[in-house]
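If you want this note's numbering, it's the position in the sequence shown, counting the first as 1, plus 542. No residue lacks a Cβ here, since even glycine has one placed at the ideal position from N, Cα and C. Fair warning: this is a prediction, and the values are worked out from it, not measured in the lab. Here is the structure we will look at, set down as structure tokens.
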Amino acid sequence: MWQAITTADTRHECWSAIGDIERALNDHVARQAANDDLQSDPRMSGGDAGVALFFAYLHAAAGNVDAGDRALEALEMSTSALAHRDLLPTLFSGFFGVGWVVTHLTRELFEGDSDLARDLDDALGQLLDNLKEKPPFELIGGLAGYGTYLVERLPDPGAAQLLGRILDLLETTRDEAGTWFSDPEWLPDWQRELMPRGCHNLGVAHGVPGVIGFLAAAHREGVNDPRVTRLAEDSVRWLLAQRRPGLDGSEFPSHVPPDGEARPTRTAWCYGDLGVAAVLLSAAQSFGRADWEAEALDIAHVAARRSVEETKVMDVGLCHGAAGIAHLFNRVHQATGDAVTGDAARDWYQRALDMRRPGEGMAGLLSWVDTAPQQGIWKGEAGFLSGVAGVGLALLAAVTEFEPVWDRVLLVAVPPRKQNDKGRNAQ
543 MWQAITTADT RHECWSAIGD IERALNDHVA RQAANDDLQS DPRMSGGDAG VALFFAYLHA
603 AAGNVDAGDR ALEALEMSTS ALAHRDLLPT LFSGFFGVGW VVTHLTRELF EGDSDLARDL
663 DDALGQLLDN LKEKPPFELI GGLAGYGTYL VERLPDPGAA QLLGRILDLL ETTRDEAGTW
723 FSDPEWLPDW QRELMPRGCH NLGVAHGVPG VIGFLAAAHR EGVNDPRVTR LAEDSVRWLL
783 AQRRPGLDGS EFPSHVPPDG EARPTRTAWC YGDLGVAAVL LSAAQSFGRA DWEAEALDIA
843 HVAARRSVEE TKVMDVGLCH GAAGIAHLFN RVHQATGDAV TGDAARDWYQ RALDMRRPGE
903 GMAGLLSWVD TAPQQGIWKG EAGFLSGVAG VGLALLAAVT EFEPVWDRVL LVAVPPRKQN
963 DKGRNAQ
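As structure tokens, then:
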């Protein structure tokens, strides 16, 4: 059972910050609703689908009736904007993310139908039919992201059939190491300059851990395809072999180019040790592997001992900020009862709160947006991954006993959905 983790003093600060976020996002939704010329951003990562997720959980966890109305309003703006925005077929920044949020909220918190999701299922089927080259495998923009959307759609038979096709592609696109390689043409320009032959990517967002998290979620939701277990076992074995104690700031590098040096990274969900630990714990509990759980806790303890400076954290968001680190430590603690990660979660929630700057950004919070390597800008953001909606969700998880199962989309350890039938097969 999920439990509030914060101390009394921090709990008061969390609720104050949640209130500021609610007011800022209320204004955000109202401005868009009142201005026909202001085009809505439908995405989950940075737009209205992520805002809807925050308001829906504020309604459910805190009994806030007005928040329920705002959630439905933001969700309506998001789905309506799909007809006018040319989005990529991806999870966090594309139309499958909107479908994930619609499916999640209508299953977990609201009454609703799946008409939009069925249309997106058809679009995904057509996309897979028309593939002419090896597709990216990653969570953010590839197969693991498609699979994560489809797992949320289960037990829909069409989603189960499409999951079988995702497994086909993952099976056939593995490299000689038995895992997945990021081709150079998939990399942004600055990464391709550094790694012209491509790389193995070890981040949850763009690399092999994201595939492991997807496979764990599929198994947890009853996908009885033997490839799920086999691919997961091979991938975890490969991943753990990449651990490099003593690497600057992280024991799991961000990238390993062929015949090149492993690249150290920050502590975050998207890259680094804590994201790896949380996804590995999810896999351990999904597949019943006590050895993987022990490894996950050991990795999380290393991250917990790291100084703030060593983490390279700059802002507060879920993806690579203080609230995201706090939430991952909290999720590991809630799943295991581990005291070290519980203490780390409380420390990082306080650090997130200390980053507030009243009168700046949104709700006193600023996000660092990369524009080039080691360059970027500070700005206020509304959305889920880097903005205040995600921060609000993490804070709600700290102060209430309502389980934050929205983090299924981050592929971290969660129990199976109670309403699902077990024993379904990917076709």
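Query, Result
"Where Asp985 falls: helix, strand or coil (DSSP)", "In the structure as shown, the chain begins at 543 and stops at 969. Residue 985 is therefore absent and cannot be evaluated."
"Within the stretch 626-693, ranges of the alpha helix (DSSP H) (whole runs, at least 4 residues)", "637-650, 657-671"
"Counted within 10 angstroms of its Cβ, other Cβ atoms place Gln917 as buried (16 or more) or exposed", "exposed"
"Closest residue to Val643 among Glu943, Val951, Leu711 (Cα-Cα distance)", "Val951"
"Secondary structure of Ile867, DSSP reduced to three states", "helix"
"Continuous beta strand (DSSP E) assignments of at least 3 residues falling wholly in the stretch 561-591", "none"
"First and last residue of the uninterrupted alpha helix (DSSP H) at Gln733", "731-736"
"Per DSSP, cross-strand counterpart(s) of Gly918", "Asp912"
"Own chain partners of Gly934 with C-beta closer than 6 Å, once the 5 adjacent residues on each side are dropped", "Ile560, Ile563, Phe596"
"Beta bridge counterpart(s) of Val798 as assigned by DSSP", "His742"
"Rounded distance between the beta-carbons of Asn606 and Leu600, thought under 8 Å", "5 Å"
"Rounded separation between Lys964 and Pro697 - CA only", "Caution is warranted here: a pLDDT of 36 is assigned to Lys964, below 50, making its placement in the model unreliable, and the coordinate value is therefore given only provisionally. C-alpha separation (whole angstroms): 9 Å."
"Beta-carbon gap between Ala894 and Val930 smaller than 8 Å", "no"
"Burial state of Pro800 (16 or more Cβ within 10 Å)", "exposed"
"Opening and closing residue of the alpha helix (DSSP H) in which Glu793 lies", "Segment: none, Glu793 is in no alpha helix (DSSP H) and carries neither H nor E."
"Alpha helix (DSSP H) segment containing Arg707, residue limits", "699-714"
"Backbone secondary structure at Met904 - three-state DSSP", "strand"
"Neighbourhood of Phe756 by C-beta, 6 Å cutoff - its chain only, sequence neighbours within 5 removed", "Ala686, Gly689, Thr690"
"Rounded C-alpha distance that separates Glu945 from Arg873", "10 Å"
"Whole-angstrom C-beta distance between Val746 and Gly683, which should lie under 8 Å", "Actually they are not in contact, since the Cβ atoms of Gly683 and Val746 sit about 13 Å apart, beyond 8 Å."
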